[in-house]
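Residue numbers (this note's numbering): 29 to 330.
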């Protein structure tokens with residue numbers, strides 16, 4: 029090996045060593061706040077750990093808690109509701125967010141103010157917005173019921189959050205109101221990366237509005253849109269605070285996260301509750317892998 033190659037190799041080894049030294053604090057923090065809790069939760073899920081029965085000794089039962097999930101009708105119902113809620117909200121947020129992004133991408137007066145104002149719902153903490161919308165849906169003095177009566181859609185006040193369909197609709201509206209602006213801003217960032225020359229060339233070639241949208245806009249922002257869908261899908265599947273504040277999981281609106289919380293904090297069944305938490309982690313991980321597979325193909329095609 030020549031002297032030059034030896035020197036280059038020595039420099040690369042030194043840089044690699046320095047990089048590991050600088051990353052060590054971050055790695056240790058990550059292990060402490062992320063990896064250890066996951067491993068601890070996994071270990072607890074393999075035991076029968078009910079804190080109301082300390083005399084049991086918390087025996088090791090293997091994967092029995094996981095098997096019990098598939099035998100638990102309430103758990104299955106929570107999973108089905110969570111999937112239904114996730115699909116409904118993410119689709120609506122994507123469509124509304126995309127439409128809002130297209131509007132905000134056009135030049136008009138006060139565009140900066142509109143972009144700042146649309147962030148307000150997303151900036152409000154979820155628990156606060158859920159409590160606000162709970163008052164709006166109140167069956168005695170709620171604004172939502174009053175508007176429907178004035179429009180003649182309903183004839184009398186209704187306890188909207190006391191029925192399964194009404195509770196689901198209320199949760200969807202609240203979640204879409206809060207997070208559609210987030211989706212809009214992510215997609216808007218992608219739209220602003222589309223060169224104006226592409227639209228001008230399409231116009232010269234005789235492409236109409238719809239053709240420009242499907243053949244210029246969509247292919248260019250598809251990666252950004254997929255990233256936005258990934259973030260929102262993961263957030264929607266892990267929904268907790270919105271449901272906890274508005275319905276408490278009543279009327280068939282119990283999500284997987286709320287169900288796991290109830291077992292952990294209310295029933296003090298740490299073994300089964302931890303198994304539910306691990307199940308959420310596994311499902312979210314699978315969803316992430318699916319999105320990343322699609323995103324990887326899209327990035328490769330760019």
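For each residue, glycine too, the CB sits at the ideal point set by N, CA and C.
Since the structure is predicted, the reported quantities are computational estimates derived from the model, not experimental observations.
Proximity below 7 Å, CB of residue 281 to CB of residue 195: Their beta carbons are under 7 Å apart, which means residue 281 touches residue 195 by this criterion.
Minimum C-alpha distance to residue 101 - residue among 302, 287, 318: 287
The alpha helix (DSSP H) enclosing residue 171, as first and last residue numbers: Segment 171–178, the alpha helix (DSSP H) holding residue 171.
For residue 317 and residue 311, the rounded distance between their alpha carbons: 10 Å
Among 205, 248, 166, the one whose alpha carbon lies nearest that of residue 150: 205
Test item: CB-CB of residue 203 and residue 275 under 7 Å: Cβ distance not < 7 Å, so residue 203 and residue 275 don't count as in contact.
Contact check, residue 185 vs residue 175, beta carbons under 7 Å: Against a cut-off of 7 Å, the Cβ pair of residue 175 and residue 185 comes out as no contact.
Nearest residue (CA-CA) to residue 262, options 38, 301, 320: 320
Alpha-carbon to alpha-carbon, residue 218 and residue 293: One C-alpha to the other measures close to 42 Å.
Per DSSP, cross-strand counterpart(s) of residue 78: 297
Simplified DSSP assignment, three categories, for residue 328: Residue confidence is low: residue 328 scores 45 on pLDDT, short of 50, so the model does not pin down where it sits. No coordinate-derived value is stated.
DSSP three-state assignment for residue 88, whether helix, strand or coil: strand
Alpha helix (DSSP H) segment containing residue 143, residue limits: 139–145
Sequence-distant residues of the same chain with beta carbon closer than 7 Å to residue 75, five excluded per side: 86, 87, 88, 89, 299
Extent of the continuous alpha helix (DSSP H) to which residue 287 belongs: 284–289
As assigned by DSSP and simplified to three states, the class of residue 223: coil
Within 7 Å, strictly: CB atoms of residue 208 and residue 148: It is not a contact, given that the beta carbons lie outside the stated cut-off.
Buried/exposed call for residue 57, threshold 16 Cβ in 10 Å: exposed
Contact belief for residue 249 with residue 226 at Cβ below 8 Å, rounded distance in angstroms: Going by Cβ atoms, the distance from residue 249 to residue 226 rounds to 12 Å, so no, they are not a contact pair.
Residue 267 classed as buried or exposed, judged by whether at least 16 other C-beta atoms fall within 10 angstroms: It is buried - the Cβ of residue 267 has at least 16 other Cβ atoms within 10 Å.
Residue 234 in three-state terms, based on DSSP: coil
Separation of residue 163 from residue 169, as counted between CA atoms: 8 Å
Of the residues 296, 83, 272, 265, the one placed nearest residue 16, counting alpha carbons only: Any answer about residue 16 is impossible in this case: the structure gives the chain only from 29 up to 330.
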